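Read the structure below first, then the notes.
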Amino acid sequence: MTMMTPQPLDRQEDEEMLVPHSDLVEGPQPLVEGPQPMEVAPGDNDNAGSVENQANEEPQASRYTWTIENFSRLNMKKLYSDVFTVGGYKWRVLIFPKGNNVDYLSMYLDVADSATLPYGWSRYAQFSLAIVNQMHNKLTVKKDTQHQFNQRESDWGFTSFMPLSDLYDPNKGYLMNDTCIVEADVAVRKVIDYWAYDSKKETGYVGLKNQGATCYLNSLLQTLYHIPYFRKAVYHMPTTENDIPTGSIPLALQSLFYKLQYNDTSVATKELTKSFGWDTYDSFMQHDVQELNRVLCEKLEDKMKGTVVEGTIQKLFEGHLMNYIECINVDFKSTRKESFYDLQLDVKGCKDVYASFDKYVEVERLEGDNKYHAEEHGLQDAKKGVMFIDFPPVLQLQLKRFEYDFMRDTMVKVAHVCYSSSMEMRKTINDRYEFPLELDLDRDNGKYLSPDADRSVRNLYTLHSVLVHSGGVHGGHYYAFIRPTLTDQWYKFDDERVTKEDVKRALEEQYGGEEELPQTNPGYNNTPFKFTKYSNAYMLVYIRVSDKDKIICDVDEKDIAEHLRIRLKKEQEEKEDKRRYKAQAHLYTIIKVARDEDLREQIGKDIYFDLVDHDKVRNFRIQKQLPFNLFKEEVAKELGIPVQFQRFWIWAKRQNHTYRPNRPLTTQEEAQTVGTLREVSNKAHNAELKLFLEVEHGPDLQLVPPPEKIKEDILLFFKLYDPQKEELRYAGRLFVKSNGKPIEILTKLNELAGFAPDQEIELFEEIKFEPSVMCERLDKLASFRFSQIEDGDIICFQKSPPPETDVQVRFPDVPSYLEYVKNRQIVHFRALERPKEDEFCLELAKNHTYDDVVERVAQHLSLDDPSKIRLTPHNCYSQQAKPNPIKYRSVDHLIDMLIHYNQISDILYYEVLDIPLPELQCLKTLKVAFHHATKDEATILNIRLPKPSTVGDVLNEIKTKVELSQPNAELRLLEVFYHKIYKIFPTHEKIENINDQYWTLRAEEIPEEEKNLGQNNRLIHVYHFTKETAQNQVQVQNFGEPFFLVIHEGETLAEVKARIQKKLQVPDEEFSKWKFAFLSLGRPEYLEDSDIVSTRFQRRDVYGAWEQYLGLEHSDTTPKRSYNASQNRHTFEKPIKIYN
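Laid out in structure tokens, this is it:
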């Protein structure tokens, strides 16, 4: 049922959106391309699940249906639904009909009234979004997630919801009569306000600050910290007072643990990550907890060697197991002992930890074709398995909630596919999986133990911590439930916040599975909503009961090195001083005093426009109640300038956005307090008072009192420009009369510049520099009043150029030089095929035209034709090239190439083309894989033809580039996507709209038997596939190269198999293992050799020929690619490394 809703809020439909990433992520995420809110740079979507403990009421749930007509004709970038209300909150759905910079439909849930909500608002929702399949409802695409919406993250959803190719395909059923139906199921929980929450006060523990995407690191560090034996060992690692935390992992970890133990507020991890050798980019990369745990422990184990704590990692975490193979019919047994620091347990197909251990030690039979070669006994039937020799005191269990997807040569998510540039694609298994509070590994007479195990050790464990992964595969969040002292009280460590939790929250609610939420709105569809629980245990830490007292030991200050205590207490005192300074800030005013020395130091070096950078001048922190006259005495002491020689001017911001000294303080003003004076002078009400200190010197350079200033006196500042040296510097200041003329001060200016008294000079007034430079010639014969010159104005001067000179200068006068300074831009150029390295730098101007820029690049590369240069802009957030290059003369100026939303980049990528870019843009380039009739290897061709060309033209071009089996062979062009043939292109189809970015174009010879199909013959699709069971459902996954096959009426499967084996040249032994099935809509129906194949391919009521095919089931032995052709060209995986 469609809910009646009010009109949408009045929001600009054409507003630009911040999209920090071009590395796109599917899965729970905000409107931007990656797991972070719209307003900020790349980060971690840690709020996905971070408020789980805040939900304190039964959820209110409802379904909203949005019917969008004329969908394919929508020409806006984004489209909002009407507003609907759930749980007393206003929501709306937001879609990008043509994708949010991806070839997928992008869809999000948005807080409709976020712009008008009060500061600090927050709401938590579980929701699903769906595109309804109007042919078969079971093919509806539906994805669900959970999120806490707030001011920074007011929208959340899926950038890559479903391929546009599927959505717009009329045969797929998602668009019927050009109408799209969107469904949103939303369940809202009320949340508790934690803005003023004090973790230390409420729990006795403090959290860790998140650097951007370091929640995975924080959860692991808290777990390790709360193993006191481990913490004590870290404290006893030798460090010295000369060590620097950012360069020493032991010292950084000691410092972090000390602060966790003694601080009252959350602790930063930047010192530690810097000691790892990580930069900011690493801190914004979400990694795998299991991988980090191994890498960190290996690094610490190495650092502990040769110290008093050597072997601590092994003592705590190391266990041993025995791999064995035992022959059944002869007396032969092979064993191998291995150590482990953690155990990876299967979740899939296991109901609990015990079932996983049962599976771990399950005996495999080696028989038939898989017999074991037992040295002198030859091939023998055997048993293969694993048994445990001993378990460690601290047992770390890694739950395999992620696994590889062989269809996509990568890791993917079961609940919904999540594409990411920062991690490999994986399946998250959200099945219910239980784990006990007490784990008995001696159960059933020690069935997990080897005969050599020490049975006197009681392997009874108690649960210490549960590391949780919440959210999608890559758009998720990590936190930990920990029992620090193994009492009944659990605590949740969620970045900066620590809360008390009960055992149900720590255990049962982290089992995973599904949660069913009833409808609460009467009169609407009351079908219960089922949401997958995306919050589930990911890593378990158990402590052996018999070792509990040794591991949960006391750790106090005597365990901490004295130099570390002194260092950290000093840090704490400095931090307290800063806090006190901040707390008392309202009692003080910062007075920034600029002097001639500052202008002389900065102009022409740090600044070119205006007079001074106030952040680089002397500042004083003065109590607001102090009279200004007493402040002058402070200046006298600090700067050595007696009070009688000081005169202060107030700065003023002019309407043209320049900032100049405006007038001197009056005697009455100097008698006021500093605070009163600041309020009078500064309408912005910040805590600063900016002043210019005028100090005058006599002929003997001795200080003299400032001259009396009357109304006609004007204070002017002068800059000197040298065209030969291209230098600008501060020359000094002068008082002039308003009715005087510039010609009257030329001699004085020559003296300031060190010129001859009669040197001809030209004068220019510097008027403004934003948004553009305005610097105009000053009439020497007009009065200053006539030229509207006033206090604080800047006059630039230079030598007049001689009438005839051979000396060439780039910027002959002040205006041209200031224009150059304003627009100059150093651009770092990188070759597109080597996008991480700067190839060269060029000094350009922001107002350079497109032609100017490519000419300079071509000149640098010694290229005759600049039109062969193609440039690609830089994405400031992902630090990669944008997907689309700049079209020929499509931008006006260099600045248009560099600007990326609210940032300006200084990087461009270049390519040298083999033909001019304007010519290339009139051509269509297609990447085609040509499959030879008799050769295995495909030939990759880049076919470049005029855009109006047809597929027939492409095929003719291919014939000139490849070797055919016979001269008159006919070719065809196919569209292949995920190992299925979706289309045979008609030869008359125009190539301009063919997309080869995310599907493969395949050309091949048409076999003779297909050219003249008889009335009783059928051309069918044949695909390779494997089967996999997930969540009690069989999933068919295609792989390899699909092909067509002619089947004849009455032909049996045995006959078809013979032809397929010959065609594919598969050896008999391997081919005998293959199974053959008829598949319709993904369901296999296995065939017997005697079955007549043609009888299965009679139905016509299917979406396309690719939905019915003959399936060849066998193992996929093709090598896995490290790079998927359908992925973004810039995606890559960065493993965890600790460099130091």
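Position one of the sequence shown corresponds to residue 298 (my numbering), numbered consecutively onward. The beta-carbon is built from N, C-alpha and C at its ideal position, and this holds for glycine as well. A quick note: this is a predicted structure, and the numbers were derived from the prediction, not measured.
- Assigned with DSSP and collapsed to three states, residue 1219 falls in coil, not helix or strand.
- Listed in chain order, the non-local C-beta contacts of residue 885 below 8 Å within the same chain comprise 918, 919, 920, 921 and 984, local neighbours out to five positions each way being set aside.
- By the beta-carbon neighbour count (other beta carbons within 10 angstroms, threshold 16), residue 1308 is exposed.
- Look at residue 421 here: in three-state DSSP terms it is strand.
- Here the stretch 1226-1234 makes no contact with the stretch 1138-1149; the two share fewer than three CB pairs at distances below 8 Å.
- Around the beta carbon of residue 570, a 10 Å sphere encloses 16 or more other beta carbons of the protein chains shown; the residue is thus reported as buried.
- Assigned with DSSP and collapsed to three states, residue 1310 falls in coil, not helix or strand.
- Cβ atoms of residue 536 and residue 551 come within 8 Å of each other, at about 6 Å.
- Approximately 7 Å separates the beta-carbon atoms of residue 943 and residue 992; this is inside 8 Å, confirming the contact.
- In the assembly as shown, residue 474 is an exposed residue. Its beta-carbon has fewer than 16 other beta-carbons within 10 Å.
- For residue 1055, the closest C-alpha among the options 1045, 1296 and 933 is that of 1045.
- Per DSSP, the beta bridge partners of residue 357 are 485.
- Counting C-beta pairs closer than 8 Å gives three or more between the stretch 1161-1173 and the stretch 1201-1221, which meets the contact rule.
- Rounded to whole angstroms, the Cβ separation of residue 1060 and residue 1091 is 11 Å, and the two are not in contact under 8 Å.
- Excluding its 5 nearest sequence neighbours in each direction, residue 1340 has C-beta neighbours in its own chain below 7 Å: 1319, listed in chain order.
- Here the alpha carbons of residue 988 and residue 593 stand approximately 53 Å from one another.
- Closest option to residue 541, judged by alpha-carbon separation, among 432, 865 and 564: 865.
- Residue 364 is bridged by DSSP to 478.
- In the three-state DSSP reduction, residue 659 falls in the coil class, being neither helix nor strand.
- Residue 443 carries a strand assignment under DSSP once its states are collapsed to helix, strand and coil.
- Under the three-state reduction of DSSP, residue 373 is assigned to coil, being neither helix nor strand.
- The residue among 532, 808 and 1116 with its C-alpha nearest the C-alpha of residue 836 is 808.
- With respect to the 9 Å criterion, residue 1263 and residue 1195 are not classified as neighbours on the basis of their beta carbons.
- According to the DSSP secondary-structure assignment, residue 1318 is paired through a beta bridge with 1341 and 1406.
- For residue 534, the three-state secondary structure derived from DSSP is coil.
- An exposed status is given to residue 854, since fewer than 16 other beta-carbon atoms sit within 10 Å of its beta-carbon.
- Burial is judged here by how many other beta carbons sit within 10 angstroms of a residue's own beta carbon; residue 1392 has fewer than 16 and is exposed.
- In the three-state reduction of the DSSP assignment, residue 869 falls in the helix class.
- The Cβ atoms of residue 522 and residue 553 sit closer than 9 Å to each other.
- Beta-carbon to beta-carbon, residue 1412 and residue 1284 are separated by about 38 Å, too far to satisfy the 8 Å threshold.
- In the three-state reduction of the DSSP assignment, residue 838 falls in the strand class.
- Boundaries of the beta strand (DSSP E) around residue 695: 691-697.
- Exposure of residue 625 is indicated by the presence of fewer than 16 other C-beta atoms within 10 angstroms of its C-beta.
- For the pair of segments examined, the stretch 503-517 was found not to touch the stretch 362-380: the number of CB pairs separated by less than 8 Å stays below three.
- For residue 666, there is no enclosing beta strand (DSSP E), since its DSSP letter is neither H nor E.
- If you draw a straight line from the Cα of residue 882 to the Cα of residue 1004, it comes to about 36 Å.
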